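Engineer: Going line by line, the protein sequences match chains F, Y, R and H.
For the first sequence, the positions run 1 to 238 when my numbering is used.
For the second sequence, the positions run 239 to 476 when my numbering is used.
For the third sequence, the positions run 477 to 714 when my numbering is used.
For the fourth sequence, the positions run 715 to 952 when my numbering is used.
For every residue, glycine included, the Cβ atom is placed at its ideal position computed from N, Cα and C.
Fair warning: this is a prediction, and the values are worked out from it, not measured in the lab.
The structure's right below; bear with me while I get my questions together.
Protein chains: 4
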Amino acid sequence: MKVLIGKDVEEMSKIAADYVMSYMYQEKQRVNLSITGGSTPKRMYELLVPQVKDTNRFDHVHFYNFDEIPYRKEDREGVTISGLREAFFTPAGIPEERIHKLDQFNYQTQDERIEKDGGLDMVILGVGADGHFCGNLPQTTKFGDLTTRVECDRRLKDRILPEFNDVEEDVPDYYITMGPRSIMCARHIIMIASGVKKAEIIKTLMEGIVDENKPATVLTLHPHFTLIMDEEAASLLS
Amino acid sequence: MKVLIGKDVEEMSKIAADYVMSYMYQEKQRVNLSITGGSTPKRMYELLVPQVKDTNRFDHVHFYNFDEIPYRKEDREGVTISGLREAFFTPAGIPEERIHKLDQFNYQTQDERIEKDGGLDMVILGVGADGHFCGNLPQTTKFGDLTTRVECDRRLKDRILPEFNDVEEDVPDYYITMGPRSIMCARHIIMIASGVKKAEIIKTLMEGIVDENKPATVLTLHPHFTLIMDEEAASLLS
Amino acid sequence: MKVLIGKDVEEMSKIAADYVMSYMYQEKQRVNLSITGGSTPKRMYELLVPQVKDTNRFDHVHFYNFDEIPYRKEDREGVTISGLREAFFTPAGIPEERIHKLDQFNYQTQDERIEKDGGLDMVILGVGADGHFCGNLPQTTKFGDLTTRVECDRRLKDRILPEFNDVEEDVPDYYITMGPRSIMCARHIIMIASGVKKAEIIKTLMEGIVDENKPATVLTLHPHFTLIMDEEAASLLS
Amino acid sequence: MKVLIGKDVEEMSKIAADYVMSYMYQEKQRVNLSITGGSTPKRMYELLVPQVKDTNRFDHVHFYNFDEIPYRKEDREGVTISGLREAFFTPAGIPEERIHKLDQFNYQTQDERIEKDGGLDMVILGVGADGHFCGNLPQTTKFGDLTTRVECDRRLKDRILPEFNDVEEDVPDYYITMGPRSIMCARHIIMIASGVKKAEIIKTLMEGIVDENKPATVLTLHPHFTLIMDEEAASLLS
Chain F
1 MKVLIGKDVE EMSKIAADYV MSYMYQEKQR VNLSITGGST PKRMYELLVP
51 QVKDTNRFDH VHFYNFDEIP YRKEDREGVT ISGLREAFFT PAGIPEERIH
101 KLDQFNYQTQ DERIEKDGGL DMVILGVGAD GHFCGNLPQT TKFGDLTTRV
151 ECDRRLKDRI LPEFNDVEED VPDYYITMGP RSIMCARHII MIASGVKKAE
201 IIKTLMEGIV DENKPATVLT LHPHFTLIMD EEAASLLS
Chain Y
239 MKVLIGKDVE EMSKIAADYV MSYMYQEKQR VNLSITGGST PKRMYELLVP
289 QVKDTNRFDH VHFYNFDEIP YRKEDREGVT ISGLREAFFT PAGIPEERIH
339 KLDQFNYQTQ DERIEKDGGL DMVILGVGAD GHFCGNLPQT TKFGDLTTRV
389 ECDRRLKDRI LPEFNDVEED VPDYYITMGP RSIMCARHII MIASGVKKAE
439 IIKTLMEGIV DENKPATVLT LHPHFTLIMD EEAASLLS
Chain R
477 MKVLIGKDVE EMSKIAADYV MSYMYQEKQR VNLSITGGST PKRMYELLVP
527 QVKDTNRFDH VHFYNFDEIP YRKEDREGVT ISGLREAFFT PAGIPEERIH
577 KLDQFNYQTQ DERIEKDGGL DMVILGVGAD GHFCGNLPQT TKFGDLTTRV
627 ECDRRLKDRI LPEFNDVEED VPDYYITMGP RSIMCARHII MIASGVKKAE
677 IIKTLMEGIV DENKPATVLT LHPHFTLIMD EEAASLLS
Chain H
715 MKVLIGKDVE EMSKIAADYV MSYMYQEKQR VNLSITGGST PKRMYELLVP
765 QVKDTNRFDH VHFYNFDEIP YRKEDREGVT ISGLREAFFT PAGIPEERIH
815 KLDQFNYQTQ DERIEKDGGL DMVILGVGAD GHFCGNLPQT TKFGDLTTRV
865 ECDRRLKDRI LPEFNDVEED VPDYYITMGP RSIMCARHII MIASGVKKAE
915 IIKTLMEGIV DENKPATVLT LHPHFTLIMD EEAASLLS
């Protein structure tokens, strides 16, 4: 495990953006990156966009989302891919043929498709205060799981509700996520964390316990795992 | 996970020996391999010895044992390193400066020393019918553990007794092992298995469950894990 | 430059075969190897065949010839590919879809096709007493050349005559070869040499002069160049 | 050969800086970079300095100069290392133990020391309008040369004079340079070029001729050679 601490969100985002760029510069025929939506990487994408748009230098880099929350009622793309489009794909001008969508229609072949594409070179993901990563919330998946569909019980619906502007009837009955085993297959994993709300789970990750109730703890066993955080997230480390 | 099946012990040993050789041929300043004692790799070492001895082509390859059972009463090296010397180091003419012993005196710095040496390029290990690997017997270590000293209760002593020719008073009160986390840090893991006694655990490993009561299941999460077995060990696979 | 000396042709061939195998074991989606015909590698292929046939472990390994002498009169494959089939492809059971033929009909797209296939991971080649490699005989190609068609003047025809059992009317007016630039593009180059007839050119290669009249001297500038020879070929080295 | 064209010096410098950073982010125990002085990389260093200073993330990155012009009369460091200190080492806060000076006192062991340090991961260098790179001016070194001392005849002294503010008596009788063979040993080579004065030599490099009178042409044979330039330098390319 490699640990990098930036003094604030800006510096954490800069470090993370530099890491992502370093994979995009890899001398390979094709580079496959799985990237995260949500609020933590917002600034990182702002730093990446000007470096990536208007150039053909990264035409060999392909992108994958690793989870998806479908909208229930509308015929539109899910929450994750919509967020990634807005934060990164659209402003960066990534063409459709390099965006590999995971959704409710194709999740059963996600792991197989990625393997056929050459495997993921890197996954960059966040961590929840409850220890979840991607859609692997505690008690929803097992360490050994590949990409799966998770049914939403009341507890999960309540968690997801804010993503749907608290409109209960929009909340879907299930969502999709790559499992712990899918993510561990990637050649490198980068986790980003910021803010004091993440300090407790960061402390847990650094203590070295691996516990299925804190799903992200398994990622610390990956031989190429890098944790990038700000000082607030690191505040409980000695 | 990559799975290779040889038709018998001879073919499994040949495949495993070829893999080990391919790491020894890596174009690196230094290659660090952690290798296994016991009966499963016996034939593999017989195939390796003539390729490795009497040449300076592999002077950059260093060897590490990953567990050790010290003798209780005698001032002599432990069971594992003694076995490795007899099966491989001595006939292959590996000089002392490339043999990095783990024992009861230095285990607390094993992980640190390996990291300083550049990390392990590969670990080759066997698997027990009970799902143990190295000295990680069920209920003795946790997935998150680094190298540790395991105290031997009655159950463990009974298990180890045959290694000491059933002489109870030779059996030590503890042994040493690199933990699941230590092994997962290696860049590649190769597991070998032969014989019908291993068919059940092989089936478990292939089913994708990760369970701390079958410690070896965690290794299947490593992004570069290769399983080499004979047809008997594979006999319960569909 | 890495230099390995076996005591005789047997040992040189064993080392070379081990190297070739180590590339076939590389953990990649596809491995591209360009391999040499002629008499020097004969024993090497004998050692490789039993390791490669009757297994699907190497289904990701693709083969390329790097030169070709077409027959003039017959509607048949050229000298090089015919030799490779006899020595290796046929006994090893390599299927057609993994044999990528270079010939007089497709040479102009050879470099482009190889690049599209992901580039060559390794080229294994011999060296002539006159310093030629592949079909790059002195004064026929320049260091900067890619794959090319070489017209055969009288001097060249005399050289090639024995390959055609001294039947003058079979000797073609031209042959095909990957150029020095094509070969230098490969990620690794392995040169094999045996016999006292090669001692002089080996000495030249080791002295470090780079001279277009001894085409093989340029290969010593490749950052991953390995020279494997027997003691006779090494006999003029101090 | 990989070719990247930025629209002006600013964009070329940004691309080059990103490349250098991508090597500094490599997951290795130690990264060895050989970097260039002179005016072409000036802006690149300005972009690198804020990314490199005040962090311990790059403590594994070591720096090497590849040529040196010693001052004749003074007991002070040479022209190249002085320039590198001013442009990069000092503002970036690189400590002495990671600066590996090549000078007139140690040049005979430069290649050996670099090999012992694990080899160069990357060299970034410029190109002269006359086709020189490092101190390999036409007719001063051969393609096969390692690090060497070049005696300055009248012609060379006239060339170097401006570096010494046209003070003739400061101009040394010799200078030091890594040779073409030394540079080709690096795992990656990056060449930067800007301005219309470089357009002619860039055209020559792209045409594929390899000519000892234009020393830089040999670098195009390196399997991992990247050429980064601005539009002016690219203006004669079709």
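#1: Tell me, which residues are paired with R/T702 by DSSP?
#2: If you scan the stretch 65 to 151 of chain F from start to end, which runs of the alpha helix (DSSP H) of 4 or more residues do you find wholly inside it?
#3: Applying a beta-carbon distance threshold of less than 7 Å, which residues of chain R neighbour H/C866?
#4: With distances taken between CB atoms, is the gap from F/A186 to F/G131 smaller than 8 Å?
#5: Locate the alpha helix (DSSP H) running through H/S896, then write down its first and last residues.
#6: Label Y/D396 either buried or exposed according to how many other C-beta atoms from any shown protein chain fall within 10 Å of its C-beta, with 16 as the threshold for buried.
#7: By alpha-carbon positions, which one of H/R771, H/L933, H/K742, H/D944 ends up nearest to H/I838?
#8: Along chain R, in chain order, which residues have C-beta atoms closer than 9 Å to that of Y/S260?
#9: Comparing the CB of H/Y821 with every heavy atom of the ligand ADP, is any distance shorter than 7 Å?
#10: Span of the alpha helix (DSSP H) holding R/L509?
#11: Judging by CA-CA distance, which residue of R/P546, R/D687, R/E503, R/G514 is the nearest neighbour of R/C628?
#12: So the beta strand (DSSP E) H/T891 belongs to, where does it begin and stop?
#13: What do you reckon, are the CB atoms on R/R548 and R/D646 nearer than 8 Å?
#14: Roughly how many angstroms lie between the CA atoms of F/E96 and F/A87, to the nearest whole one?
#15: Measure how close the beta-carbons of Y/E298 and Y/V269 come, nearest whole angstrom, since I'm counting them as under 8 Å.
#16: Going by DSSP, what residues sit across from F/V61 in a beta bridge?
#17: Identify, in the order they occur along the chain, each residue of the same chain with its Cβ nearer than 7 Å to the Cβ of Y/D411, setting aside the five sequence neighbours on each side.
#18: Taking only the alpha-carbon atoms, compute the straight-line gap between R/E639 and F/H100 and give it to the nearest angstrom.
#19: Taking the alpha-carbon of Y/K354 as reference, which of H/G893, H/K742, H/T891 has the nearest alpha-carbon?
#20: Could you tell me whether the Cβ of R/R533 comes closer than 8 Å to any Cβ of chain Y?
#21: In three-state terms, what does DSSP make of F/K42?
#22: As a quick exercise: from H/F819, H/P852, H/F847, pick the residue whose alpha carbon is nearest that of H/R863.
#23: Determine the burial state of H/T804: buried for a count of at least 16 other Cβ atoms within 10 Å of its Cβ, exposed for fewer.
#24: Going by the CB atoms, is the gap between F/A16 and F/I183 shorter than 8 Å?
#25: I'd like to know whether the C-beta of F/Q29 is nearer than 8 Å to at least one C-beta of chain R.
#26: In chain F, what lies closer than 9 Å to Y/G382 by C-beta?
#27: Relative to the C-alpha of Y/V448, which residue among Y/P418, Y/A471, Y/S476 is closest?
#28: Run the CB neighbour count on Y/S476, radius 10 Å, all protein chains shown included, and call it buried at 16 or more, exposed below.
#29: Thinking C-alpha only, which one of H/R868, H/N770, H/K756, H/D835 is nearest H/Y778?
#30: Taking all protein chains shown into account, decide if Y/R314 is buried (16 or more other Cβ within 10 angstroms of its Cβ) or exposed.
#31: Note down, in chain order, every chain R residue with its Cβ under 9 Å from the Cβ of F/G6.
#32: Report the rounded CA-to-CA distance for F/Q108 versus F/A92, giving the unit in angstroms.
#33: If I measure Cβ to Cβ from Y/D383 and keep anything under 7 Å in the same chain, skipping five residues before and after, which residues do I get?
#34: Using beta carbons (cut-off 8 Å, strictly below), is F/G195 in contact with chain R?
#35: Run through chain Y and tell me which residues come within less than 7 Å of H/G832, C-beta to C-beta.
#36: Using a Cβ-Cβ cutoff of 8 Å, what residues of the stretch 637 to 667 of chain R are near chain H? List them in chain order.
Structural biologist: Reading it off the structure:
#1: R/K478, R/I666
#2: 79 to 84, 110 to 116
#3: Per Cβ cutoff of 7 Å: no residues; H/C866 is ~24 Å from chain R at best.
#4: no
#5: 894 to 898
#6: exposed
#7: H/L933
#8: D494, M497, S498, Y499, M500, Y501, Q502
#9: The ligand ADP is not part of this structure, which contains no ligands at all.
#10: Run containing R/L509: none in the alpha helix (DSSP H); it sits in the beta strand (DSSP E), 507 to 511.
#11: R/P546
#12: 888 to 891
#13: yes
#14: 15 Å
#15: In the sequence as displayed, the identity of residue 298 of chain Y is His instead of Glu. Confirmed, about 6 Å.
#16: F/V31
#17: E389, C390
#18: 53 Å
#19: H/K742
#20: yes
#21: helix
#22: H/F819
#23: exposed
#24: no
#25: yes
#26: E207, G208, I209, V210, D211, T217, T220, L221
#27: Y/P418
#28: exposed
#29: H/D835
#30: exposed
#31: Those within 9 Å of F/G6 in chain R number zero; the least Cβ separation is about 33 Å.
#32: 29 Å
#33: G417, P418, R419
#34: no
#35: Q267
#36: P656, R657, M660, C661, A662, R663
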